[in-house]
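Colleague: First, the structure itself, so that you have it in front of you.
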Amino acid sequence: MKVTVRETPKGINIYVPKKDIEAHVIKIEQAGAWGGVFELDNGWVLEFPALEEVPKLPATFEVKVLSK
2 MKVTVRETPK
12 GINIYVPKKD
22 IEAHVIKIEQ
32 AGAWGGVFEL
42 DNGWVLEFPA
52 LEEVPKLPAT
62 FEVKVLSK
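Note that the sequence shown covers residues 2 to 69 in the working numbering.
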């Protein structure tokens, strides 16, 4: 699933265009410099690819949905 990630004053925000859902990240189990498992305030858990460098945001990523 493709998602867009951006940084807001409240923290990291995730937008899922196909579902028109926007949610804030409440927990990160980090892998590498950036990435890993992100838990969202709507209950979703997404797995992002581990990156060696922190990406410039906003950015679009292909993620795996671990739970909804």
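Backbone N, C-alpha and C define an ideal beta-carbon position, used for all residues, glycine too. All of these numbers come straight from a predicted model, not from anything done at the bench.
Are the C-beta of E48 and some C-beta of chain D separated by less than 8 Å?
Modeller: Among the chains in the structure shown there is no chain D, since it carries only a single protein chain.
Colleague: Looking at the unbroken beta strand (DSSP E) that takes in N14, where does it start and where does it end?
Modeller: Note, N14: beta strand (DSSP E), 12–17.
Colleague: Can you tell me which of A60, E30, G33, E54 puts its alpha carbon nearest to the alpha carbon of N14?
Modeller: The shortest C-alpha separation from N14 is found at A60.
Colleague: According to DSSP, simplified to helix, strand and coil, what is E40?
Modeller: Correct three-state label for E40: strand.
Colleague: According to the neighbour-count rule (16 or more other Cβ atoms, all chains shown, within 10 Å of its Cβ), is V66 buried or exposed?
Modeller: With fewer than 16 other Cβ atoms within 10 Å, it is exposed.
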